[in-house]
Amino acid sequence: MQKVKLPLTVNPQKDAQRRLNYAGYYAANQLKRLAKSVVNVLSDAQVTLSFYIDPQKLVVMKGEAQVEVELECQRCGEPLKQTLECEFAYSPVASWDQAEVLPQIYEPIEFNEFGEIDLIGTVEDELILALPLVPMHSPEHCEVSAQEQVFGELPEELANKPSPFAVLANLKQK
Ligand SMILES: [Zn+2]
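In this note's numbering, the protein residues as written are 35 to 208.
So, in structure tokens, the structure goes:
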């Protein structure tokens with residue numbers, strides 16, 4: 035499959051009838067909403083999609099997406115690189131009434147008067163949902179040292195880069 039720049043909208047009904055598969059990408063600068071939720075979007079979003087009609091005759095858009103982003107570590111405040119990954123399965127509906135009878139394995143997605151769905155918006159939503167609630171480095175990579183993490187609040191003069199000796203002295207007092 036060729037890597038193509040994905041269309042902003044698709045017609046899932048038509049694509050499902052033709053059993054289309056996409057492997058493509060959205061460029062980092064197209065992901066404006068995601069950009070507002072992170073420090074930086076570091077890569078293009080890689081997206082694979084397949085459209086088909088399931089045994090219940092429902093139109094299905096199944097896919098996955100990945101993108102690399104920079105977040106801010108909530109422990110040390112330093113940049114943190116993270117790959118966001120998501121998987122999704124949507125079935126397009128004309129109205130939210132129709133959405134209520136949809137099997138739970140599918141999320142409803144509304145299509146417009148032309149039968150099209152907002153594909154880039156949907157992929158961005160999924161990636162935003164994949165963001166960690168509290169982004170943090172793993173302990174060994176965090177600027178806040180393991181000692182500080184274990185012993186919590188240190189006196190202010192130690193909080194800024196304590197020397198090993200200072201930490202030791204602090205331990206002995208306890
Ligand atoms: Zn950190």
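No residue lacks a Cβ here, since even glycine has one placed at the ideal position from N, Cα and C.
Starting from Ser71, trace the alpha helix (DSSP H) both ways and give me its first and last residue.
Per DSSP, Ser71 belongs to the alpha helix (DSSP H) from 66-71.
Looking at C-alpha atoms only, which residue of Pro169, Cys107, Leu54, Ser125 is the closest neighbour of Thr156?
Cα-wise, what sits closest to Thr156 is Ser125.
For Pro89 and Asn45, I'd like the C-alpha separation in whole angstroms.
For Pro89 and Asn45, the distance between alpha carbons rounds to 20 Å.
Mind checking Gly97: buried by the 16 CB within 10 Å criterion, or exposed?
It is buried - the Cβ of Gly97 has at least 16 other Cβ atoms within 10 Å.
Checking the sheet assignment: what are the DSSP bridge partners for Gly97?
Gly97 is bridged to Leu83, Phe122.
Does the segment 157-173 come close enough to the segment 108-116 to have 3 or more Cβ pairs within less than 8 Å?
Yes: at least three Cβ pairs fall under 8 Å.
How far does the beta strand (DSSP E) with Val178 in it reach, from first residue to last?
Run containing Val178: none; DSSP gives neither H nor E here.
With Val157 as the anchor, note down where its alpha helix (DSSP H) starts and where it stops.
It spans 153-163 - the alpha helix (DSSP H) in which Val157 sits, taken as one unbroken run.
Under three-state DSSP, which class holds Asn146?
Here Asn146 sits in coil by DSSP.
For a test of the three-state rule: what should DSSP assign to Glu134, helix, strand or coil?
The answer is helix: DSSP assigns Glu134 an H, G or I state.
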